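> Have a look at this one.
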Amino acid sequence: MKLSEIILPPLIGGFIGWLTNYLAIVMLFRPYQPVKIGLLTFQGVIPKRHREIAKALGELVEKQLLSQKDVISLLTSEENKQLFAEKILLAIKEKLSTLFPVLPDYLRQIVIKTLLNYLKNELPSVVNKITLSLETDLQNKVKIGKLVEEKVLQFDLKTLEKILTSLMKTELSYIEIFGGVIGVVIGVMQVMLNIFVNR
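Following this line, the structure appears as structure tokens:
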């Protein structure tokens with residue numbers, strides 16, 4: 001048996017295996033737009049199913065990662081209500097310090113202090129009303145899944161390809177190499193079969 005008959009089948013098999021997997025990965029993303037060749041239409045799997053993928057991601061995020069209820073709980077938690085009240089009080093204090101310019105300073109301070117003390121007592125109930133109203137608005141208007149779906153649909157396909165390939169870079173490389181290895185193994189088996197048959 002010639003040396004070329006021993007070396008070439010594994011080399012060719014390895015190259016074909018690598019190329020097949022490389023093309024399969026490329027065809028996940030490309031072509032971006034449908035390309036018609038005769039009766040057949042070709043389009044990358046991800047571009048073709050862009051809308052379905054966006055919807056599935058939206059549902060996944062809403063059901064498994066960040067539900068509407070989670071967002072509402074976070075925004076209407078006691079800690080955030082207190083923070084909200086403090087921010088309002090600080091803004092009012094800054095505004096009050098610029099008011100009543102005609103009053104003497106000591107009198108202005110008394111007025112500001114009296115108003116702030118009153119607001120400190122009233123703000124928690126005001127904030128509660130605001131957060132209850134906000135909760136109702138969020139339940140009616142904010143759909144996390146829909147927001148994620150719309151965001152994914154806004155990605156152009158090149159951006160989506162870059163994101164996915166950067167996230168799966170190692171895995172995709174392994175798939176290409178694995179294709180090459182399988183091709184080499186098949187080539188070696190072919191050589192061994194030829195040797196066995198030609199004995």
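Position one of the sequence shown corresponds to residue 1 (UniProt numbering), numbered consecutively onward.
Even for Gly, the Cβ is constructed at its ideal location relative to N, Cα and C.
Computed from a prediction, not measured in an experiment: that's the story for all the values here.
1. Using a threshold of 8 Å, state whether the C-beta atoms of leucine 116 and lysine 93 are closer than that.
2. What are the start and end residues of the beta strand (DSSP E) that includes leucine 40?
3. In whole angstroms, what separates the C-alpha of arginine 30 from that of leucine 123?
4. By the three-class DSSP mapping on this structure, what secondary structure does valine 35 have?
5. Report back the beta-carbon spacing between glycine 145 and glycine 14 to the nearest angstrom; my notes put them in contact at under 8 Å.
6. Would you report the Cα separation of glutamate 86 and lysine 151, rounded to the nearest angstrom?
7. Is the separation between the beta-carbon of threonine 76 and that of glutamate 135 shorter than 8 Å?
8. Within 10 angstroms of its Cβ, does valine 197 collect 16 or more other Cβ (buried), or is it exposed?
9. If glycine 17 and glycine 180 are in contact, beta carbons under 8 Å, what's the gap, nearest whole angstrom?
10. Let me make sure I understand the geometry here. Which of Arg49, Ala54 and Leu19 has the alpha-carbon closest to that of valine 148?
11. Which residue marks the beginning of the alpha helix (DSSP H) containing arginine 51, and which one marks its end?
12. What is the rounded straight-line gap between the Cα of histidine 50 and the Cα of tyrosine 22?
13. Skipping 5 residues on each side, what residues in its chain have a beta carbon closer than 7 Å to that of leucine 28?
14. Judging by CA-CA distance, which residue of Lys143, Ile186, Ser166 and Tyr174 is the nearest neighbour of glutamate 62?
15. Do valine 188 and proline 34 have their CB atoms nearer than 8 Å?
16. Does DSSP classify threonine 170 as helix, strand or coil?
17. Nearest to asparagine 128 by alpha carbon, out of Thr170, Glu79 and Glu52?
Working from what's here:
1. As a first step, residue 116 is located in the sequence shown; it is residue number 116 there, counting from the start. As a first step, residue 93 is located in the sequence shown; it is residue number 93 there, counting from the start. For leucine 116 and lysine 93, yes; Cβs fall inside 8 Å.
2. As a position in the sequence shown, residue 40 is number 40, starting the count at 1. For leucine 40, the enclosing beta strand (DSSP E) stretches over residues 40 to 42.
3. What you label residue 30 is simply residue 30 of the sequence shown in a count that begins at 1. What you label residue 123 is simply residue 123 of the sequence shown in a count that begins at 1. So the alpha carbons of these two residues sit roughly 57 Å apart.
4. As a first step, residue 35 is located in the sequence shown; it is residue number 35 there, counting from the start. Reduced to three states, the DSSP call for valine 35 is strand.
5. Here residue 145 is taken as the residue at index 145 of the sequence shown, counted from 1. Here residue 14 is taken as the residue at index 14 of the sequence shown, counted from 1. So it is not a contact: roughly 45 Å between Cβ atoms.
6. As a working mapping, residue 86 is identified with position 86 in the sequence shown. As a working mapping, residue 151 is identified with position 151 in the sequence shown. When rounded, the distance between both Cα atoms is 33 Å.
7. For the purposes of this step, residue 76 is identified with residue 76 of the sequence shown, where counting begins at 1. For the purposes of this step, residue 135 is identified with residue 135 of the sequence shown, where counting begins at 1. Yes, the pair counts as a contact, with Cβ atoms nearer than the cut-off.
8. Here residue 197 corresponds to residue number 197 of the sequence shown, with the count starting at 1. Counting Cβ neighbours within 10 Å, valine 197 comes out exposed, since fewer than 16 surround it.
9. In the sequence shown, residue 17 corresponds to position 17, counting from 1. In the sequence shown, residue 180 corresponds to position 180, counting from 1. Between glycine 17 and glycine 180 a beta carbon distance of about 5 Å is seen, short of the 8 Å cut, so the two are scored as contacting.
10. Taking the sequence shown and counting its residues from 1, the one referred to as residue 148 is at position 148. Nearest C-alpha to valine 148: Ala54.
11. Here residue 51 is taken as the residue at index 51 of the sequence shown, counted from 1. In the DSSP assignment, arginine 51 falls within the alpha helix (DSSP H) that extends over 50 to 60.
12. Against the sequence shown, residue 50 aligns to sequence position 50. Against the sequence shown, residue 22 aligns to sequence position 22. Just so you know, the alpha carbons of histidine 50 and tyrosine 22 end up roughly 21 Å apart.
13. Within the sequence shown, numbered from 1, the residue matching residue 28 stands at position 28. The residues are Gly44, Val45 and Ile46.
14. By 1-based counting over the sequence shown, the position of residue 62 is 62. Taking only the C-alpha atoms, the option nearest glutamate 62 is Lys143.
15. By one-based count along the sequence shown, residue 188 stands at place 188. By one-based count along the sequence shown, residue 34 stands at place 34. Contact annotation: valine 188 and proline 34 have beta-carbon atoms that are not nearer than 8 Å.
16. The count along the sequence shown starts at 1 and reaches residue 170 at position 170. Helix, per DSSP.
17. Against the sequence shown, residue 128 aligns to sequence position 128. Residue Glu79 is the option with its Cα nearest to asparagine 128.
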